[in-house]
Amino acid sequence: MAVIINGKELAKKIKEQLKIECEELKKEGILPKLAVIMVGEDSASKIYVKNKSKSCDEIGIEFEEYILKEDITQQQLIDLIETLNNKKDIHGILLQSPIPKHLDINKAFEAISYKKDVDGFNPINIGKLSIGQDTFVSCTPYGIIKMFEEYNIDLEGKNVVIIGRSNIVGKPLIQCCLNKNATVTVCHSKTKNLKEFTKNADILIVAIGKSKYITSDMIKEKAVIIDVGINRGEDGKLTGDVDFENVEKKASYITPVPGGVGPMTVAMLMNNVIKAAKNIK
Ligand code: NDP
799 MAVIINGKEL AKKIKEQLKI ECEELKKEGI LPKLAVIMVG EDSASKIYVK NKSKSCDEIG
859 IEFEEYILKE DITQQQLIDL IETLNNKKDI HGILLQSPIP KHLDINKAFE AISYKKDVDG
919 FNPINIGKLS IGQDTFVSCT PYGIIKMFEE YNIDLEGKNV VIIGRSNIVG KPLIQCCLNK
979 NATVTVCHSK TKNLKEFTKN ADILIVAIGK SKYITSDMIK EKAVIIDVGI NRGEDGKLTG
1039 DVDFENVEKK ASYITPVPGG VGPMTVAMLM NNVIKAAKNI K
């Protein structure tokens, strides 16, 4: 049976430390503040934003929410971002995705000052990550790296296979794993014979968005399995992209859903807000 990587516990530990750091900043007159922009009424986004707000509360970070109408123009969105860029009391800006299709999310990410880009999606920060400079690392990949560190899972020389190549998960993960000296393979929907790749993975990171897609016959004995997927069934229950029940019996380490990568993503967002607030000192 695999060791279950407890993202919830680790996230709690990280947030406790951040709370102390937040108090120290406040003593120096810096009140860390996160601004979150939401466009439209996506119900999943509302839950994610609520979780972020709750975590800010726990740590002592100020939280401001900007809810924009669905039919807002690109220019109106950029104008708001620029206003927030110029506000000295705001340290982090986050644009909750998805946003309506008529808006260009990449242009919006580019408009967020790289100094306040706590999600790490601004091209400057993506570039800094790829050349190994200090930056805001996007929260899900960063959370996964923290889990490896906590559980002493060494990536050096390991075959890491990432399934999914999105800008927010798969692509930044490539850099994060390369920086840890792993040999990285990236698979996606056009990959042929996926199983050939997954069977070879010492560490398999799955970010597809398809419930229980990875089954135990697809993994190597004693592999480390990181499940990023969040899929909500008709019964409202959350499942990951990995068939946890069966894969757990064969893996050496595995993350559960819920309670794995999800809480770590929020914890690393909080980490990035505190980092942004420290950067202004
Ligand atoms: P995207 O939909 O942007 O990307 C999905 C990726 O999976 C794409 O690269 C796609 O390939 C690939 N893919 C889809 N089907 C297959 C398949 N059958 N075989 C191989 N690859 C496939 O999703 P995200 O990266 O945004 O999110 C992925 C999952 O992670 C979702 O369930 C999301 O909810 C969850 N998530 C969880 C977070 C957390 O904190 N736990 C944070 C962010 C996301 P292609 O590029 O060819 O289309």
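Here the sequence shown is numbered in the numbering used here, starting from 799 and rising by one per residue.
Ideal Cβ placement from N, Cα and C applies to all residues, glycine included.
Nearest-angstrom Cβ-Cβ length linking residue i and residue j, presumed shorter than 8 Å
| i | j | result |
| --- | --- | --- |
| M836 | Q894 | 5 Å |
| I960 | V982 | 7 Å |
| K844 | M1068 | Between M1068 and K844 the Cβ distance is about 19 Å, and since that is not below 8 Å, they are no contact. |
| C975 | T1063 | Not a contact, Cβ separation roughly 17 Å. |
| G1007 | D1039 | 7 Å |
| A1021 | A999 | 6 Å |
| I929 | I1003 | Contact flag wrong, Cβ pair sits at about 22 Å. |
| V847 | E863 | 7 Å |
Where residue i falls, given that 16 or more other Cβ within 10 Å makes a residue buried
| i | result |
| --- | --- |
| Q973 | buried |
| T996 | buried |
| G827 | exposed |
| K956 | buried |
| K968 | Looking at the sequence shown, residue 968 is not Lys but Gly. Looking at its Cβ environment, which holds 16 or more other Cβ atoms inside 10 Å, G968 is buried. |
| D887 | exposed |
| N1070 | buried |
| K1079 | exposed |
| M945 | buried |
| K850 | buried |
| D902 | exposed |
| A842 | exposed |
| H900 | exposed |
| N920 | buried |
| P939 | buried |
| P896 | exposed |
Sequence-distant residues of the same chain with beta carbon closer than 7 Å to residue i, five excluded per side
| i | result |
| --- | --- |
| I865 | M836 |
| P898 | V837, G838, E868 |
| G870 | Sequence inspection shows Ile at residue 870; the Gly mentioned does not correspond to that position. Around I870: V837. |
| I803 | M945, Y949, Y1051, I1052, T1053, G1058 |
Contacting residues, own chain, Cβ-Cβ under 6 Å from residue i (five flanking each side not counted)
| i | result |
| --- | --- |
| G876 | Gly is not the amino acid found at residue 876; the sequence shown has Ile there. Result list for I876: A909, in chain order. |
| N883 | S911 |
| A1065 | A809, I812, K813 |
| Y1011 | D1039 |
| N923 | Y912, D915, T933, F934 |
| K978 | L953 |
| S853 | V1064, M1068 |
Residues near residue i in its chain [Cβ-Cβ closer than 8 Å; skip 5 each side]
| i | result |
| --- | --- |
| G790 | A query on residue 790 cannot be resolved here, the shown segment of the chain reaching from 799 to 1079 and no further. |
| G858 | K817, C820, E821, K824, P830 |
| L992 | I961, C985, M1016 |
| S1014 | D1041, N1044, V1045, K1047, K1048 |
| V801 | Y949, S1050, Y1051, I1052 |
| E856 | K813, K817 |
| D932 | K926 |
| I1072 | L816, E819, C820, L823, P830, I857, I859 |
| E880 | A909 |
| A1074 | P830, H889, G890, K913, K914, V916, F934 |
**Study point:** Test item, CB below 6 Å from any non-hydrogen atom of ligand 1
**Key:** Near ligand 1, residues with a Cβ at less than 6 Å from any of the ligand's heavy atoms are T938, I961, G962, R963, S964, I966, V967, G968, C985, H986, S987, K988, T989, L992, A1005, I1006, G1007, K1008, V1026, G1027, I1028, N1029, V1059, G1060, T1063; the list follows chain order.
Check your understanding: Counting pairs of Cβ atoms below 8 Å between the stretch 1023-1037 and the stretch 1047-1059, do you hit three or more?
Key -> yes
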